[in-house]
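Comments concern the structure below.
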Ligand SMILES: [Zn+2]
Ligand SMILES: [Zn+2]
Ligand SMILES: [Zn+2]
C-alpha cells in the first residue's frame with residue numbers, strides 16, 4: 005500500500021490590514037517627526053533615544069558631546085524613550101545625508117544601518133583629489 009500523496013491545501017489567508025495606515029498621511033508623519041527632532045543637530049533622533057531627567061531627548065551622537073540636556077540643563081539618565089523609538093520605527097524618515105543628495109527614505113528603525121553604508125557619506129571622505137562632481141556618483145568609493 006503506497007501512501008497516497010494528499011493534495012496539500014494551501015490556505016490562503018488574505019490579510020487585509022491597511023485601513024488604519026492609509027489614514028495617516030505624510031503631513032501627520034512630518035508632525036510626528038518634528039517631535040522627534042534633536043534640539044542640537046535638528047536631525048530626527050534615532051535609537052537608542054535617551055532621556056534627560058525632564059524627558060527631553062537628543063540623538064546619541066549629540067549626547068556624547070553634552071554634559072547636560074541642552075534644553076533644561078538637567079543631566080541625562082540612562083532611561084530609553086521606548087515609546088518614541090517604537091513610533092520612529094514605524095515612520096518613514098529621510099536619510100540625514102539628504103542635503104547631499106541622498107533620496108533614501110526608510111523606517112526610523114532601519115535608518116541607522118543605512119547611515120553606515122550611505123553612498124553620500126563618502127562625499128565627506130573624498131580626499132583623493134579635488135572633486136568637481138560633488139561626488140554624486142552612486143556606488144563608487146572614489147569620486
Ligand atoms: Zn543630534
Ligand atoms: Zn531636558
Ligand atoms: Zn543616505
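Residue numbers (my numbering): 5 to 147. Glycine included, C-beta positions come from ideal geometry on N, C-alpha and C.
- request: Using 7 Å as the cut-off, classify the Cβ of residue 45 as near or not near the heavy atoms of ligand 3, replying yes or no.
  value: Walking along the chain shown from the start, residue 45 turns up at place 41. For ligand 3, not one heavy atom lies less than 7 Å from the Cβ of residue 45.
query: If you draw a straight line from the alpha carbon of residue 120 to that of residue 50, how long is it in whole angstroms?
result: Residue mapping note: residue 120 aligns to position 116 of the chain shown, counting from 1. Residue mapping note: residue 50 aligns to position 46 of the chain shown, counting from 1. So the two alpha carbons sit approximately 13 Å from each other.
- prompt: Three or more C-beta pairs closer than 8 Å, one from the stretch 85-101 and one from the stretch 70-77: is that the case here?
  reply: no
- request: Tell me whether residue 142 sits in a helix, a strand or coil according to DSSP, three-state version.
  value: What you label residue 142 is simply residue 138 of the chain shown in a count that begins at 1. With a pLDDT of only 38 at residue 142, under the threshold of 50, the placement of this residue in the model should not be trusted; the figure read from the coordinates follows. Reduced to three states, the DSSP call for residue 142 is coil.
task: Leaving out five residues on either side along the sequence, give the residues of the same chain with a beta carbon under 7 Å from the beta carbon of residue 36.
output: The residue you call residue 36 lines up with position 32 of the chain shown. Once the five neighbours on either side are set aside, the close Cβ partners of residue 36 are 91 and 95.
task: Determine the burial state of residue 86: buried for a count of at least 16 other Cβ atoms within 10 Å of its Cβ, exposed for fewer.
output: Position 82 of the chain shown, counted from the first residue, corresponds to residue 86. So residue 86 ends up on the exposed side.
- request: List the residues that DSSP assigns as beta-bridge partners of residue 124.
  value: Here residue 124 corresponds to residue number 120 of the chain shown, with the count starting at 1. Bridge partners of residue 124: none, in fact.
field: Cα-Cα separation, residue 60 to residue 75
entry: Within the chain shown, residue 60 is the residue found at index 56, counting from 1. Within the chain shown, residue 75 is the residue found at index 71, counting from 1. When rounded, the distance between both Cα atoms is 7 Å.
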